[in-house]
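Residue numbers (the working numbering): 404 to 792.
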């Protein structure tokens, strides 16, 4: 079997909910990310792309008609380039990269473009269809932006609590204090700001209109300031708007290929291991623990060999629970900032952390890194990269 390699990655800046990207359709954002990634391989004939795997969590509005294929056409790629859209909620674009890597390893394709998109701002309200014609009563429009909607009555109530309540339960189980969460969140903003100022993201991010930088970063964040915010889900809770990821808009793209694929540039990293795991739905934030351990085992390495980790910060509490379980140095985790500061447009986040991880390994010279992401309804994905740059 051939190995799969990461050749290039690009993303849009991540915009705030209702912010600078609010008027940008998700398929247009996806096209920007695609063009950004392919611009790094100018000698690649786009017709050589064997497939496109694209992630999107919502798919209830403008992103509903196989947004991966729509993005390919809008980006100006040949009509002969096929595409599929993948939905594993928050892990959609990391799942797309995993699917693409398997296609390359099996010999089904030499070049696969992967990525994902989400416009949480433009996610529509939906109305359920009535069970009989011409009902006389009122119906309620349901937001598709985030979380459970139109819940199946057969699903146990304890499984369908809000994402915030689920993470309050996680914090109780693992005794993660409010103080630690606020410190972790402040660090995310400070490191993201420092990385932008140092130029780390200049080659990873493609501007959209006038937005050139992630919109949600607050350089002045401190644990002391965050401590003043009220809990969001329980009167006596620990989770606030400051120590959880926000709602965002954005897209990411990752170009994968076999060794010697006709891409015209050298690969950056090899896909060395993959892992997927599942737990009871409310404990979804802890699921990356097993997913990453499985990916490491399949790569034939241990945590001692890992020099960089990109863990999507859905909530500070779940990130800390995972880092504690892995017993790793917290300083190697999200050293360029994380989703609490940068943002978490659901379908785009997996591609973001994978591209950031490859760039971190390239910058540091470290050999192995792990990208991991928790997924609502009790799942997680992880990928191990080996630096070959």
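Note that the Cβ used here is the ideal one computed from N, Cα and C, for glycine as well.
Q | Cβ neighbours of residue 570 in the same chain (closer than 7 Å, five flanking residues each side left out) | A | 642, 688, 718, 720, 721
Q. Counting along the chain, where does the alpha helix (DSSP H) carrying residue 570 start and finish?
A. 566-577
Q: Evaluate the contact criterion for the region 677-695 versus the region 771-788: three or more CB pairs, one atom per stretch, below 8 Å.
A: yes
Q. Is residue 509 buried or exposed, if buried means 16 or more other CB atoms sit within 10 Å of its CB?
A. exposed
Q | Buried versus exposed, by CB contacts within 10 Å (16 or more), residue 554 | A | exposed
Q. Over what stretch of residues does the beta strand (DSSP E) that includes residue 408 continue unbroken?
A. In the DSSP assignment, residue 408 falls within the beta strand (DSSP E) that extends over 407-414.
Q: Find the nearest neighbour of residue 624 within the set 646, 490, 610, judged by alpha-carbon distance.
A: The shortest C-alpha separation from residue 624 is found at 646.
**Q.** C-alpha distance - residue 728 paired with residue 543, whole-angstrom precision
**A.** 42 Å
**Q.** Residues of its chain near residue 640, where Cβ-Cβ distance is below 6 Å and the 5 sequence neighbours each way are ignored
**A.** 571, 634
Q) On the three-pair Cβ rule with 8 Å, is the region 481-494 touching the region 453-462? A) yes
Q: From the DSSP output, read off the bridge partner residues of residue 771.
A: 709, 789
Q | Residue span of the alpha helix (DSSP H) that contains residue 435, given as start and end | A | According to the DSSP assignment, residue 435 belongs to the alpha helix (DSSP H) that extends over 429-441.
Q.
I'd like to know whether the C-beta atoms of residue 611 and residue 418 end up nearer to each other than 9 Å.
A. yes
Q) Where residue 627 and residue 746 are concerned, what is the direct C-alpha to C-alpha distance, given to the nearest angstrom? A) 21 Å
Q) So residue 408 packs on residue 662, CB below 8 Å; how close in whole Å? A) 6 Å
Q. Pick from 723, 777, 453: whose alpha carbon is nearest that of residue 591?
A. 723
(Q) Quick check on the DSSP output: what are the complete alpha helix (DSSP H) runs of length 4 or more inside the region 670-745, in order along the chain? (A) 691-702, 719-729, 742-745
Q. Which one or two residues does DSSP pair with residue 651 in a beta bridge?
A. 419
Q) Buried or exposed: which applies to residue 665, given that a residue is buried once 16 or more other Cβ atoms fall within 10 Å of its Cβ? A) Under this definition residue 665 is an exposed residue.
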